[in-house]
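Position 153 of the sequence shown, counted from 1, bears residue number 461 in this note's numbering, the numbering being contiguous throughout. Quick reminder that beta carbons are idealized off the backbone N, C-alpha and C, glycines included. Below you'll find the structure, written out as structure tokens, and then a few comments.
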Amino acid sequence: MADWVRGDANAKVTLVEYSDFQCPACAAYYPLVKKLEEKFGSQMSFTYRHFPLSQIHKNAELAAMAAEAAGLQGKFWEMHDMLFENQTAWSNNYNAKKVFIGYAEKLVLNTDQFENDLDRKDLRDKIAANYKEGVSIGINGTPSFFVNGVKITNPKSYEEFEKIISEKLAQ
């Protein structure tokens, strides 16, 4: 199954994030990445890859499944945004599945299909493959960012992040 890519796949700069929907640091970076996408537009593409830290985030894998299930109905990015924007509402919820079905309703998805897709083996395999790939390239925490294939130290601010992208565009 293909990666989730937003923006021009042939852009001069590619930003790849390995992320966990339940990770507070990932949620903190979410608005920064969105702002970068707005600023750089077609000059930068953004790829999201799953890296659920299930051992510490009990709803991380289910959240990834919810995003993938929404993606089957053309709404991956909308669910991606909703999961990060509402992270505190579901992250420690004992019935996160019910919350995610509510999000599917808000996104006007076929909720019966969405609920069935939450158990699809191929989606679980895709998430596991993203995770395995991340481990194989040395990722041990989230978020982890790559710019044009090179792992970067997580920027401390939007300005620092913007500078990294701008420098790559100038090369």
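With respect to the 8 Å criterion, Tyr356 and His388 are classified as neighbours on the basis of their beta carbons.
DSSP places Tyr326 within a strand segment (E or B) once states are collapsed to three.
Secondary-structure assignment with DSSP links Lys459 through a beta bridge to Phe454. Of the residues assessed, Ser353 falls on the buried side of the cut-off, its CB having 16 or more other CB atoms within 10 angstroms. Counting along the chain, no alpha helix (DSSP H) covers His358; the unbroken beta strand (DSSP E) around it starts and ends at 352–358.
By the Cβ test, the segment 329–336 is in contact with the segment 446–457, since at least three Cβ pairs between them sit closer than 8 Å. Three or more pairs of CB atoms, one per stretch, sit closer than 8 Å, so the segment 365–379 contacts the segment 418–437.
Under DSSP, Val321 takes part in a beta bridge, and its partners are Met352.
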